[in-house]
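Structure first, then comments.
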Amino acid sequence: MISVSQAKAILQKNIPPRKSKLVPLEKAIGLICGVDIHSPMHVPSFDNSAMDGYAIAWEARKTRWVLEGEIAAGAKDIPILSTGKAIRIFTGAPMPDGADTVIQQEWIAVEGSTLSLQSGEIIKGMHVRKEGTQTKSGDIIMKAGTAITPGGIGLLASVGIQHVSVIAPPSVGIIITGNEIKEVGQPLEHGEIYNANGPLLTTYLQQEGIEAIECIRVEDNPDMVRQAINKALTIHDLILLSGGISVGDYDFVKEGLEQAGVQELFYKIKQKPGKPLYAGIKDEQMIFALPGNPASVITCFNQYVKPSIRQWMGKNPGWEPTLWLPLNSPMKKNPDLTFFLKIKTHPEEVEILQGQESFNLIAFSTADGFAEIPEGVEAMEKGEKVGVYLW
Ligand SMILES: Nc1nc2c(c(=O)[nH]1)N[C@H]1C(S)=C(S)[C@@H](COP(=O)(O)OP(=O)(O)OC[C@H]3O[C@@H](n4cnc5c(N)ncnc54)[C@H](O)[C@@H]3O)O[C@H]1N2
Ligand code: MOO
Numbered sequence: 099m100i101s102v103s104q105a106k107a108i109l110q111k112n113i114p115p116r117k118s119k120l121v122p123l124e125k126a127i128g129l130i131c132g133v134d135i136h137s138p139m140h141v142p143s144f145d146n147s148a149m150d151g152y153a154i155a156w157e158a159r160k161t162r163w164v165l166e167g168e169i170a171a172g173a174k175d176i177p178i179l180s181t182g183k184a185i186r187i188f189t190g191a192p193m194p195d196g197a198d199t200v201i202q203q204e205w206i207a208v209e210g211s212t213l214s215l216q217s218g219e220i221i222k223g224m225h226v227r228k229e230g231t232q233t234k235s236g237d238i239i240m241k242a243g244t245a246i247t248p249g250g251i252g253l254l255a256s257v258g259i260q261h262v263s264v265i266a267p268p269s270v271g272i273i274i275t276g277n278e279i280k281e282v283g284q285p286l287e288h289g290e291i292y293n294a295n296g297p298l299l300t301t302y303l304q305q306e307g308i309e310a311i312e313c314i315r316v317e318d319n320p321d322m323v324r325q326a327i328n329k330a331l332t333i334h335d336l337i338l339l340s341g342g343i344s345v346g347d348y349d350f351v352k353e354g355l356e357q358a359g360v361q362e363l364f365y366k367i368k369q370k371p372g373k374p375l376y377a378g379i380k381d382e383q384m385i386f387a388l389p390g391n392p393a394s395v396i397t398c399f400n401q402y403v404k405p406s407i408r409q410w411m412g413k414n415p416g417w418e419p420t421l422w423l424p425l426n427s428p429m430k431k432n433p434d435l436t437f438f439l440k441i442k443t444h445p446e447e448v449e450i451l452q453g454q455e456s457f458n459l460i461a462f463s464t465a466d467g468f469a470e471i472p473e474g475v476e477a478m479e480k481g482e483k484v485g486v487y488l489w
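The opening residue of the sequence shown carries number 99 in this note's numbering; numbering runs sequentially from there.
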């Protein structure tokens, strides 16, 4: 069996190569920009007013103008400014030829068609947003590797970009094994349980920005498990299996993966929960067989699958704890294993929640992360700091 850090190091070295794809702008949120993006236009694309006020040609010590005409935002017929005159103008409206300065209306008194300056010092060029001052056509406006935010989408939309090349999220096939599993909505017979792993894995993947998810169920039958694996390998980049990876007589996942030509990266980690985790690769595909207990699935997903996906997608993977906080109670454990404990964080401390068994999901109603208690540690005192992974 390998340690948690060895398993993570193996995964980090074996993430398949990235692929890129073109997506509509509104689908790019949360994804990583795949190439440097150049602006196809100047921004602003025309000189325009930054204020509601009056467009003038600046002259030293001039304080009176004759008003003629107006220009609203979006106006098509733009008058030319005559010498000594002013044109009424609004924020975002194109500047008229002949004008170089805008005076905000609060500084001006209007009497008939005469404008007089009441206060303020007019600086040549003030309140004019000049063409190309934000961005020149051809400038790089977003670098490859940037996480695309709503603000970034606004920037790209502002230069008329409709599609953006991003690092493609992997397409994922989930295979849920188990004769005892029923879907929510079906009646349960004695000995049966509801499928928790399918919905939790699907929604974890959705949170990572993955839309191409197929989730199927197979019985604990070696031929059916093998066929499901082979089919998933023809379609998906990432395959997640739930259950059937331990040593029972009805655990057929490992042999199914071997028969499908998957190369094992590791099997079994010195950890609790999730000890019998399997990871493998085939061509440019990655495969995880997650131990069926739901809390083991959640732990293994968060510790190994999620960081692998994030690294694959060019994001910050989060292989290590993000926070160190003191325990609010002492704890004891088996020193041969790393423990991942469901926790609730409080402003200054960590609470270890009740129900740490691998079958027990109750802690997830309040948990906001895991604490990692490393291999080698047998006991911890109240107040000792633990590494925390928040969801
Ligand atoms: N003799 C040994 N037995 C077991 C060992 C061991 O080392 N020696 N390891 C235990 C550990 S640790 C784990 S974890 C489990 C992993 O078992 P499998 O991956 O083979 O999973 P299953 O046996 O199929 O299921 C385990 C458990 O989880 C429930 N389950 C399965 N799928 C779902 C689902 N989709 N939704 C909700 N619950 C699910 C299933 O009913 C079982 O109770 O092996 C131990 N045994
Ligand atoms: O390792 Mo298992 O996931 O503890 O029950």
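In this text, a Cβ means the ideal position worked out from N, Cα and C, and glycines have one as well.
**Asked** Roughly how many angstroms separate the alpha carbons of I259 and L123, rounded to a whole number?
**Response** For I259 and L123, the distance between alpha carbons rounds to 7 Å.
**Request:** May I ask whether a heavy atom of ligand 3 can be found less than 8 Å away from the beta carbon of K329?
**Result:** Ligands in the displayed structure: ligand 1 and ligand 2; ligand 3 is not one of them.
**Prompt:** Do the CB positions of P268 and V282 come within less than 9 Å of each other?
**Reply:** It is not a contact, given that the beta carbons lie outside the stated cut-off.
**Message:** Give me the DSSP bridge partner(s) of K106.
**Reply:** Beta bridge pairing from DSSP links K106 with no other residue.
**Request:** Out of L425, I367 and A171, point me to the one whose CA is closest to I108's CA.
**Result:** Selected option, being the one with the closest Cα: I367.
**Asked** Measuring from the CB of Y292, is there a heavy atom of ligand 1 at a distance below 8 Å?
**Response** Yes, the Cβ of Y292 comes within 8 Å of a heavy atom of ligand 1.
**Message:** At 3 residues or longer, what runs of the beta strand (DSSP E) sit wholly inside the region 234-292?
**Reply:** Correct list: 238-240, 261-265 and 270-275.
**Prompt:** Are the region 420-427 and the region 438-449 touching, with three or more C-beta to C-beta distances below 8 Å?
**Reply:** The region 420-427 is in contact with the region 438-449.
**Candidates K329, E306 and Q304: closest to I314 by CA position** = When the alpha-carbon of I314 is set against those of K329, E306 and Q304, the nearest one is in K329.
**Item:** Cβ neighbours of G167 in the same chain (closer than 6 Å, five flanking residues each side left out)
**Value:** Excluding positions up to five away in sequence, the list reads P177 and I185.
**Message:** Please identify the residue among E382, V486, E356 and A326 whose C-alpha is closest to the C-alpha of Q401.
**Reply:** Per the Cα distances, V486.
**Asked** Less than 8 Å between the CB of T275 and some heavy atom of ligand 1, yes or no?
**Response** At least one heavy atom of ligand 1 is found less than 8 Å from the C-beta of T275.
**Asked** Rounded C-beta distance between E476 and K430? I'm assuming under 8 Å.
**Response** Contact flag correct, Cβ pair sits at about 7 Å.
**Request:** Could you please give me the residues that DSSP links to C131 through a beta bridge?
**Result:** V264.
**Message:** Between the region 262-281 and the region 318-334, can you find at least three pairs of beta-carbon atoms closer than 8 Å?
**Reply:** When C-beta atoms of the region 318-334 are compared with those of the region 262-281, three or more pairs fall below 8 Å, so the two segments count as touching.
**Prompt:** Under the DSSP definition of a beta bridge, which residues are partnered with L165?
**Reply:** A184, per the DSSP bridge assignment.
**Message:** For ligand 1, is there any heavy atom lying closer than 8 Å to the beta carbon of V345?
**Reply:** V345 has its CB nearer than 8 Å to a heavy atom of ligand 1.
**Request:** Note down the Cα distance separating E290 from P138, rounded to an integer number of angstroms.
**Result:** Cα-Cα distance, rounded: 59 Å.
**Prompt:** DSSP three-state call for N328: helix, strand or coil?
**Reply:** N328 falls in the helix class under three-state DSSP.
**Prompt:** On the three-state DSSP scale, how would you describe V351?
**Reply:** If DSSP states are grouped into helix, strand and coil, V351 belongs with the helices.
**Request:** Would you kindly check if the distance between the Cβ of G151 and the Cβ of Q216 is under 9 Å?
**Result:** Against a cut-off of 9 Å, the Cβ pair of G151 and Q216 comes out as no contact.
**Message:** Need the endpoints of the alpha helix (DSSP H) that G296 sits in, please.
**Reply:** The continuous alpha helix (DSSP H) containing G296 extends over residues N295 to Q305.
**Asked** Out of curiosity, what's the CA-to-CA distance linking I113 and K228?
**Response** Approximately 47 Å, taken between the alpha carbons.
**Prompt:** From K46 to L286, what distance separates their C-alpha atoms?
**Reply:** Look at the range of the chain in this structure, 99 to 489, and you will see that residue 46 is not part of it.
**Message:** Starting from T397, trace the alpha helix (DSSP H) in both directions and tell me its first and last residue.
**Reply:** That run of the alpha helix (DSSP H) goes P392 to C398.
**Message:** Does the distance between the C-beta of M115 and the nearest non-hydrogen atom of ligand 2 fall short of 8 Å?
**Reply:** Residue identity differs from the one stated: residue 115 is Pro in this sequence, not Met. Not so, every heavy atom of ligand 2 lies at least 8 Å from the Cβ.
**Request:** Just mark L120 as buried or exposed, buried being the case when its beta carbon has 16 or more other beta carbons within 10 Å.
**Result:** Within 10 angstroms of the beta-carbon of L120 lie fewer than 16 other beta-carbons, which makes it exposed.
**Prompt:** In chain order, what residues of the same chain lie with their CB nearer than 8 Å to the CB of M99, ignoring the 5 residues before and after it?
**Reply:** Answer for M99: K366, I367, K368 and K373, listed in chain order.
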